[in-house]
Structures are given as structure tokens and as C-alpha cells.
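Residue numbers (this note's numbering): 4 to 238.
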Amino acid sequence: MKSRFEDIVETLGPRIANGELNPGDAITLADIEAEFDCSRTVAREVQRSLEECGLVIPQRRRGLVVQPLDEWDVLNPRVIRWRLSSPQGERQMRSLIDLREAIEPMAAELAAQFASRDQRDELLQVGAELTRLGSISSGPEFMAADIRFHQLILTASGNEMFESLGSTIEAVLKWRSENMLMPPHPEPRAMRDHEAIARAIYDGDAATARDAMRDIVAEVRTAFNSRTPNVLRFD
């Protein structure tokens with residue numbers, strides 16, 4: 004259950020992300036208290052959360068001043084979700100595809116080289132579970148397994164900066180599911196690629212792992228460029 008301050012953040016954050024509040028606009032703590040009928044303590048929690056996202060900075064005699072995009076924490080899962088749901092959603096989606104295309108094939112290649120035995124075993128198990136669940140639907144259980152699959156690869160790469168992107172990937176996948184942009188059943192090509200990645204990492208085949216992951220993200224870009232969001236895959 005969301006706390007009071009989180010409900011308010013989930014109202015104000017999107018206002019900034021969708022341009023309802025523009026850079027240079029200001030919100031005071033008194034404004035927050037009045038609009039949401041909350042205490043000063045809650046208003047300050049809202050302030051801290053928005054500051055952590057890079058969306059506002061406090062200024063004396065003005066309040067919380069909205070910041071331009073280049074000051075935002077663009078890898079923050081909340082910011083990603085808000086931007087995806089804003090009029091700038093297409094720009095955010097393209098940026099995420101660019102990021103995944105640059106990072107995930109390399110992460111898969113590194114995982115094939117450096118993953119521990121336990122990580123290799125788990126990837127095989129999660130890959131098999133994805134295949135089983137995908138034969139039924141692309142529902143919540145499939146999504147949870149898919150998130151685990153991609154996060155595990157980022158971790159198994161041995162690159163701590165790649166691993167830190169796990170919450171970014173999770174935010175994208177959850178957003179797609181929540182907005183009903185997943186196809187009813189995962190595409191066969193996607194499932195083959197996931198199976199190939201899991202097996203290649205298990206076997207230490209770096210080139211195959213890299214190429215299969217590259218194919219997954221390439222298909223996402225193709226779907227995006229063809230403007231068919233109902234079949235767009237971030238998995």
C-alpha cells in the first residue's frame with residue numbers, strides 16, 4: 004500500500020514529466036499542503052523524493068523550482084515510467100532502446116565469460132521457466148521471470164555499472180505490462196533467443212550469447228520503427 008507522500012509524488016512527478024510544470028516553474032511546500040491536504044512533514048518528504056529524481060531544486064523565496072531534462076536522474080525507474088507515460092514517451096522509448104542495444108549484448112557476452120556456476124545454472128532454470136510460461140501467456144508470472152532473466156545477466160556480467168541498470172530494465176518491462184503493450188503470447192523468435200542466450204552463457208559461448216541478445220533488442224527497434232506498439236517487445 005502506498006504511503007501518503009508517495010501518492011503525492013506520483014501526482015507531481017508526472018506533471019513535471021509531461022510538461023504541465025515547466026523548467027523554472029516553482030511549487031511551494033504551502034502549495035503542496037493546500038492542494039493535497041497534507042502536513043508539512045509529508046510535504047517535505049515529497050520535496051526530498053522529487054529532489055532525488057532531479058526534478059526540482061529548492062530556492063529561497065521561490066520554493067521547489069522545476070529543473071530542465073538535463074538535470075533529471077534519467078535512469079531513475081520512476082522518472083523513466085513518468086516519461087514513458089508523457090507526451091515525450093516516444094523519445095524516452097527510443098533512448099531506452101539505444102541504451103539496451105549498447106549494453107545488453109555486451110552484458111550477455113561478459114556473462115558467458117565471467118558468470119559463476121550458480122548463475123549459469125539459474126539462467127538455464129529461468130530460461131526453461133520462461134519457455135514454459137510463454138507457452139501459456141505473457142502474464143505477470145512470465146513478466147517476473149523475464150525481469151529476473153535480464154537482471155541476472157546484468158549481474159553475471161561482472162560489471163557493477165551494468166548491474167546497476169537492473170532496476171531500469173525492470174521499470175520498462177513493468178510499464179509495458181501495466182499498459183497492456185505485451186502481446187498475448189511471447190513471439191517464438193523471442194523465446195528462441197532467450198533459450199539461446201541461457202544455453203550460450205551456460206556453455207561459455209560469448210559470441211552466441213551476444214548475437215542472440217542483439218537480435219532481441221534489434222527486433223524491439225524494428226517494431227518501434229514500424230510504429231506497432233501493440234507488439235513492441237522490451238523483453
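Here a beta-carbon is modelled for each residue, glycine too, at the ideal position from N, C-alpha and C.
{"Query": "Can you grab the Cα-Cα spacing for the pair Arg-213 / Leu-78, in whole Å?", "Result": "23 Å"}
{"Query": "Secondary structure at Val-49, three-state DSSP: helix, strand or coil?", "Result": "helix"}
{"Query": "How about Arg-260 and Ala-37: are their beta carbons less than 8 Å apart?", "Result": "Past the edges of the chain, shown from 4 to 238, lies residue 260, and the structure says nothing about it."}
{"Query": "Name the DSSP beta bridge partners of Ile-30, please?", "Result": "Leu-67"}
{"Query": "Can you give me the Cβ contacts of Phe-237 inside the same chain, cut-off strictly under 7 Å, excluding the 5 residues immediately before and after it?", "Result": "Residue confidence for Phe-237 is low, a pLDDT of 39 falling below 50, so the modelled location carries little weight; the figure read from the coordinates is stated next. Once the five neighbours on either side are set aside, the close Cβ partners of Phe-237 are Val-175, Leu-176, Arg-179 and Val-223."}
{"Query": "Strictly by DSSP, which residues pair up with Gln-62?", "Result": "Gly-66"}
{"Query": "Go ahead and label Thr-14 buried or exposed: buried means 16 or more other beta carbons lie within 10 angstroms of its beta carbon, across all protein chains shown.", "Result": "exposed"}
{"Query": "Below 7 Å CB to CB, which residues in the same chain sit around Leu-58 once its five sequence neighbours on both sides are set aside?", "Result": "Gly-16, Ile-19, Val-69, Gln-70 and Trp-75"}
{"Query": "Which whole-angstrom value describes the C-beta separation of Ala-209 and Ala-115, a residue pair presumed to lie in contact below a C-beta threshold of 8 Å?", "Result": "4 Å"}
{"Query": "Under 8 Å between the Cβ atoms of Ala-110 and Asn-162?", "Result": "yes"}
{"Query": "Is the beta carbon of His-188 less than 8 Å from the beta carbon of Ser-141?", "Result": "yes"}
{"Query": "In terms of alpha-carbon separation, which member of Met-146, Asp-101, Ala-131 and Val-45 lies closest to Ser-6?", "Result": "Val-45"}
{"Query": "For Ser-170, which residues of its own chain have a beta-carbon under 7 Å away from its beta-carbon, when the five flanking residues on both sides are left out?", "Result": "Pro-80"}
{"Query": "Hey, Val-12 and Leu-53: beta-carbon distance below 8 Å or not?", "Result": "yes"}
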